[in-house]
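Numbering (our numbering), first residue to last: 14 to 314.
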């Protein structure tokens with residue numbers, strides 16, 4: 014029992030460190046795409062906006078502070094092996110880690126209880142931190158994504174069920190309408206996640222999971238991959254640019270995830286990530302050795 018408590022404490026402390034890293038440093042793929050986008054901009058103002066972003070990232074590293082004051086509402090996506098020895102304790106570890114990280118990082122307390130409209134003060138609350146579970150039979154490892162869902166980048170989000178005769182055209186029009194209406198409030202350039210399914214809840218979850226994919230990857234379905242490419246070009250043509258101050262490119266990438274649907278319904282959902290897309294991935298083995306897959310440039314034990 015003492016040994017179990019000791020290792021559970023070690024796991025919690027590791028997740029606190031992981032949250033600290035996630036809040037202060039962008040992942041390798043996001044940082045590389047921002048540099049690429051800065052180099053490709055033709056307007057002087059848009060290049061200056063990117064310059065301000067990179068200055069912010071440099072100051073966050075030097076001052077050891079979060080790179081954005083809105084450290085979001087913490088969401089975890091756990092791909093947990095059924096043989097991972099800390100499976101039963103994991104959710105409590107995640108919750109305790111968020112409480113500690115709120116003080117040590119520090120994370121801004123953002124969680125307000127719905128209906129009561131009262132801030133909990135420690136970034137936990139009813140079903141928060143949100144934990145999405147995906148069990149992996151026979152595995153003894155944990156792959157854990159964290160996503161810091163900020164207020165601005167959550168504004169364009171929606172999930173809607175369309176009549177089948179409306180087709181994908183209506184769904185994509187709804188996506189464009191939301192991005193045009195709220196995209197500038199979500200701190201572009203954006204990472205755009207789109208989910209297609211038969212139900213609103215499934216599409217919403219898939220649109221968020223699309224944000225977890227690394228930039229540069231494509232959907233395994235050729236039609237979906239081509240649609241990702243077309244949508245990226247089309248949304249870039251809006252000219253929203255970095256920070257919403259106009260520019261040649263408005264999105265870092267468009268990712269689509271899909272599930273089978275009922276013949277009589279098509280659900281589509283949109284989730285967006287801001288330029289400071291704080292998404293990170295760690296893989297932990299049964300002995301609590303780990304690899305931070307998203308931030309290889311910075312650390313690994």
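No residue lacks a Cβ here, since even glycine has one placed at the ideal position from N, Cα and C.
Bear in mind that the values here come from a model prediction, so they are computed numbers and not experimental data.
Where the beta strand (DSSP E) containing residue i begins and where it ends
i           : result
residue 54  : Per DSSP, residue 54 belongs to no beta strand (DSSP E) and is neither H nor E.
residue 190 : Careful: residue 190 lies outside any beta strand (DSSP E), inside the alpha helix (DSSP H) at 180–195.
residue 124 : Where residue 124 is concerned, there is no enclosing beta strand (DSSP E), given that its DSSP letter is neither H nor E.
residue 284 : 279–286
residue 145 : 143–149
residue 176 : No beta strand (DSSP E) holds residue 176; DSSP gives it neither H nor E.
residue 265 : 264–271
residue 306 : No beta strand (DSSP E) holds residue 306; DSSP gives it neither H nor E.
residue 294 : 292–297
Span of the alpha helix (DSSP H) around residue i
i           : result
residue 82  : First-last for residue 82: undefined, no H or E at that position.
residue 167 : 164–167
residue 111 : 100–117
residue 238 : 235–249
C-beta atoms of residue i and residue j nearer than 8 Å
i           : j           : result
residue 235 : residue 62  : no
residue 169 : residue 285 : yes
residue 282 : residue 217 : yes
residue 205 : residue 251 : no
residue 140 : residue 296 : no
residue 80  : residue 289 : yes
residue 89  : residue 107 : yes
residue 207 : residue 220 : yes
residue 111 : residue 77  : no
residue 162 : residue 86  : yes
residue 83  : residue 309 : no
residue 213 : residue 280 : yes
residue 120 : residue 36  : yes
residue 191 : residue 209 : no
residue 306 : residue 34  : no
residue 262 : residue 50  : yes
residue 134 : residue 150 : no
C-alpha gap between residue i and residue j, whole angstroms
i           : j           : result
residue 292 : residue 21  : 24 Å
residue 166 : residue 160 : 12 Å
residue 193 : residue 23  : 45 Å
residue 15  : residue 53  : At residue 15 the pLDDT is 49, less than 50, meaning the model places this residue with poor confidence; the figure from the coordinates comes in the next sentence. Between residue 15 and residue 53, the C-alpha separation is close to 56 Å.
residue 186 : residue 225 : 24 Å
residue 268 : residue 72  : 30 Å
residue 44  : residue 197 : 20 Å
residue 70  : residue 154 : 32 Å
residue 164 : residue 125 : 12 Å
residue 117 : residue 129 : 27 Å
residue 300 : residue 17  : 12 Å
residue 369 : residue 105 : Summary: the structure shown does not reach residue 369, with the chain confined to residues 14 through 314, and so no result is reported for it.
residue 96  : residue 57  : 54 Å
residue 103 : residue 312 : 23 Å
residue 138 : residue 152 : 30 Å
residue 4   : residue 223 : With the chain represented from 14 up to 314, any question about residue 4 goes unanswered, as that position is not in the structure.
residue 188 : residue 93  : 32 Å
residue 99  : residue 302 : 13 Å
residue 39  : residue 75  : 14 Å
residue 113 : residue 298 : 23 Å
residue 67  : residue 195 : 24 Å
CB contact check: residue i to chain B, cutoff 8 Å
i           : result
residue 278 : No chain B is part of this structure, which consists of one protein chain only.
heavy atom of the ligand SAH below 7 Å from residue i C-beta
i          : result
residue 62 : Although the ligand SAH was asked about, the structure shown includes no ligands whatsoever.
Counting beta carbon pairs with one atom in the region 240–255 and one in the region 27–36, are three or more of them shorter than 8 Å? These segments do not touch.
4 or more residues per run - each alpha helix (DSSP H) lying fully within the region 201–232: Secondary structure remark: continuous alpha helix (DSSP H) runs of at least 4 residues inside the region 201–232, in chain order: 213–223.
Determine contact between the region 135–154 and the region 170–187, defined as no fewer than three beta-carbon pairs at a distance below 8 Å. No, because fewer than three Cβ pairs between the region 135–154 and the region 170–187 fall closer than 8 Å, the two stretches do not touch.
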